[in-house]
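K.L.:
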Amino acid sequence: MSQDRGDRVGHRLDGRLVALGVTGSIAAYKSVELLRLLEAEGAEVQVLLTPTATRFVAPLTLEALSGRPVESDVMALLADGRIGHIVVADSVDVMVVAPATAQWLGAMANGLAADVVTAACLATSAPVVVAPAMDGEMYGHPATRANVARLRDGFGYAIVEPESGPLASGQTGVGRLAELGRIVDAVVAAIGSRPVRAPGPELRLPRIAERPREADLDGRHIVVTAGGTREAIDPVRFIGNRSSGRMGAAIAAAALDRGARVSLIAGSVDVPLPAGAEITRIESTAELEAALAGLLGTGGSRRAGFDALIMAAAVADFRPRHLATTKLSRGSAMSLDLEPTPDLLAGAVATARELRPVPVIVGFAAETGSLARAVEKLQRKGVDLLVANDVSEPGSGFGTETNRVTLLAADGPAEGWPLLTKREVADRLLDRLAGLLDGRDAAAQTGASEVPQESRS
Ligand code: CTP
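Using numbering that gives the first Met the number 0, read the sequence shown as starting at 0 and increasing by one per residue.
(1) For residue 6, count neighbouring Cβ atoms within 10 angstroms of its own Cβ and tell me buried if that reaches 16, exposed if not.
(2) Tell me where the beta strand (DSSP E) around residue 175 begins and ends.
(3) Grab the span of the beta strand (DSSP E) containing residue 127 for me, first residue to last.
(4) What does a CB cutoff of less than 6 angstroms around residue 165 pick up in its chain, not counting 5 residues either side in sequence?
(5) Compare the C-alpha of residue 358 against each of 439, 388, 329 and 311 and name the closest.
(6) My guess is that residue 250 and residue 433 are in contact by the Cβ rule of under 8 angstroms, so how many angstroms apart are they, rounded?
(7) Mind checking whether the beta-carbon of residue 344 lies closer than 7 angstroms to any heavy atom of the ligand CTP?
(8) Could you say which of 339, 97, 138 and 88 lies nearest to residue 457 if we only look at CA atoms?
(9) Unbroken beta strand (DSSP E) runs of length 3 or more, entirely within the region 197 to 259: which are they?
(10) Taking the alpha-carbon of residue 218 as reference, which of 225, 237 and 307 has the nearest alpha-carbon?
(11) Below 8 angstroms CB to CB, which residues in the same chain sit around residue 275 once its five sequence neighbours on both sides are set aside?
(12) Is it buried or exposed, residue 326, if we count other Cβ atoms within 10 angstroms and call 16 or more buried?
(13) Terminal residues of the continuous alpha helix (DSSP H) containing residue 366?
(14) With a Cβ-Cβ cutoff of 8 angstroms, do residue 272 and residue 253 count as a contact?
(15) Excluding five sequence neighbours on each side, which residues of the same chain lie with their C-beta closer than 7 angstroms to the C-beta of residue 56?
(16) Whole angstroms is fine: what's the gap from residue 91's alpha carbon to residue 289's?
(17) Output the distance between the C-alpha atoms of residue 112 and residue 118, rounded to the nearest integer angstrom.
(18) Taking the alpha helix (DSSP H) that residue 141 falls in, what are its first and last residues?
(19) Expressed to the nearest angstrom, what Euclidean distance is found between the alpha-carbon atoms of residue 42 and residue 174?
(20) In terms of DSSP beta bridges, what is residue 318 paired with?
(21) Please list, in chain order, all residues of the same chain as residue 64 whose beta carbon is under 6 angstroms from its beta carbon, the five residues on each side excluded.
(22) Helix or strand or just coil, what does DSSP make of residue 7?
(23) My assumption, with CB atoms under 8 angstroms, is that residue 339 sits in contact with residue 443. Please give the rounded CB distance.
(24) Applying the 10 Å Cβ sphere with the 16-neighbour rule, what's the burial state of residue 19?
(25) Around the C-beta of residue 235, are 16 or more other C-beta atoms found within 10 angstroms, so that it is buried, or is it exposed?
(26) I want to check one thing, is the minimum distance from the CB of residue 363 to the heavy atoms of the ligand CTP below 7 angstroms?
(27) Taking residue 438 as part of the alpha helix (DSSP H), name the residues at either end of that continuous run.
(28) Bridge partners for residue 388 per DSSP, in chain order?
(29) Based on Cα-Cα distance, which residue from 265, 237 and 203 lies nearest to residue 226?
(30) Drop a sphere of 10 angstroms on the beta-carbon of residue 229, count the other beta-carbons inside from all chains shown, and report buried for 16 or more, exposed for fewer.
(31) Name, in chain order, the residues that DSSP records as bridge partners for residue 165.
(32) Taking the alpha helix (DSSP H) that residue 333 falls in, what are its first and last residues?
(33) Indicate the three-state DSSP secondary structure (helix, strand or coil) for residue 409 in the structure shown.
(34) Can you give me the Cβ contacts of residue 199 inside the same chain, cut-off strictly under 6 angstroms, excluding the 5 residues immediately before and after it?
(35) Quick one: is the Cβ of residue 356 within less than 7 angstroms of any heavy atom of the ligand CTP?
(36) Tell me the DSSP secondary structure of residue 16 in three-state form.
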């Protein structure tokens with residue numbers, strides 16, 4: 000949420016996984032600050048330490064700050080049997096070695112993989128950034144110069160040259176680790192516009208076990224729609240869309256993990272649907288409308304049978320006015336007569352207003368280009384929350400593992416979230432939803448309006 004990001008200087012590394020290799024120089028203490036700067040740009044950081052680096056900076060410090068176990072033993076296997084430095088090499092978007100000692104430059108220049116940092120650099124096809132730090136005489140020695148030249152010219156590594164200034168020896172000279180902002184800039188430049196290499200957490204090193212989210216949706220009934228609708232033209236053809244159902248399935252799985260009862264209404268999807276959800280399969284907008292009507296109820300009881308509706312499905316906007324009952328054969332030309340579909344979300348909001356307690360309704364808005372239309376959609380549809388994303392942006396939208404969304408709320412400012420996995424988007428969305436539901440219940444207890452948003456009136 001926006002508070003999490005208040006101290007960020009930018010989002011240049013949103014969604015990126017950066018390996019930070021630290022070698023045994025006195026400047027190793029600066030790696031702690033470098034890690035924080037990389038995170039401030041939106042990166043997740045995986046730290047690799049050489050054995051000597053562990054004498055300058057405590058692994059525990061870097062583990063606590065990065066949220067990931069530090070890799071420091073080239074012979075160690077992960078708990079699941081994978082080789083740690085190979086998983087790092089295969090999953091990171093960039094490797095940065097800072098500080099890089101004369102010893103490490105020599106080992107790297109010769110491909111001697113006795114430590115995790117050299118081993119991961121040898122094994123990766125990600126770009127590598129190297130920031131040397133050492134005594135001035137050592138940096139000027141022809142051996143060091145030759146090693147640096149080999150890394151830069153032979154391997155294509157980006158070298159962030161050290162700076163001139165007071166050194167640990169008490170002397171002054173060229174050898175101080177470059178200013179950390181320059182190293183971050185070099186990391187950003189090295190990635191350029193490359194696609195995210197391993198967006199799925201299963202391809203990365205595990206994080207230190209996260210505190211399980213509370214079962215804050217225990218006792219709640221959440222309805223989620225997912226996937227695309229298909230509108231039949233004839234018995235074999237249909238008009239469909241590119242929705243994979245990933246976002247809706249992620250929301251359903253996250254809600255189940257938080258203790259909710261989940262009804263999942265799924266159209267066409269290319270992902271497995273979470274076990275534990277009560278699944279209704281639909282194909283067309285009309286079938287989705289009928290399934291929603293079943294849940295919302297029409298007339299009769301004003302008691303809501305669910306607490307929230309999350310409309311992640313990509314619903315057709317148009318459908319053939321007439322369905323051909325036999326397969327259409329190829330003619331010289333053909334035109335389809337399309338009619339608009341009903342806006343199911345707007346209809347659900349209208350029905351929900353009559354229910355008690357009033358369910359919270361969440362919509363999605365897939366846009367291409369500006370998100371300005373999403374603001375208008377939030378108001379027009381009368382939803383409590385609208386998750387808007389630009390589906391034309393790399394890493395966002397249909398079929399991707401990740402999403403960069405803006406959350407619009409009827410009762411507050413818009414929040415731009417960084418590039419996140421769809422599961423992370425789901426969890427952040429459910430954080431907001433849980434808060435809205437708690438607020439609704441608290442208001443009901445104190446006798447205040449049960450309608451959570453002013454805009455509903
Ligand atoms: N939606 C719906 N019924 C429709 C079309 C869309 O319920 N016939 C829902 C979607 O599930 C989504 C939200 O409305 O939660 C926004 O969908 P989107 O396609 O972005 O908006 P539209 O209503 O189609 O508006 P526009 O055509 O102006 O983009």
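We treat Cβ as the ideally placed atom computed from N, Cα and C, and that holds for glycine.
Predicted model only: the values in this text are computed from it and were never measured.
P.N.:
Reading off the structure:
(1) Any reading at residue 6 must be qualified, since the residue scores a pLDDT of 39, below 50, and its modelled position is unreliable; the value itself is stated next. With fewer than 16 Cβ atoms within 10 Å of its Cβ, residue 6 is classed as exposed.
(2) 171 to 175
(3) 127 to 131
(4) 171
(5) 439
(6) So it is not a contact: roughly 13 angstroms between Cβ atoms.
(7) yes
(8) The structure shown does not extend to residue 457, since the chain is modelled only from 0 through 456, so no value can be given for it.
(9) 220 to 225
(10) 307
(11) 255 and 261
(12) exposed
(13) No alpha helix (DSSP H) holds residue 366; the beta strand (DSSP E) holding it covers 359 to 366.
(14) no
(15) 21, 27, 28, 30 and 31
(16) 46 angstroms
(17) 5 angstroms
(18) 141 to 148
(19) 27 angstroms
(20) 338
(21) 34
(22) Because residue 7 sits at a pLDDT of 41, beneath the cut-off of 50, its placement in the model cannot be relied upon, and the point is left open.
(23) Contact flag wrong, Cβ pair sits at about 37 angstroms.
(24) buried
(25) exposed
(26) yes
(27) 421 to 444
(28) 365 and 404
(29) 265
(30) buried
(31) 171
(32) It is not in any alpha helix (DSSP H) - residue 333 carries neither H nor E in the DSSP assignment.
(33) coil
(34) 400
(35) no
(36) strand
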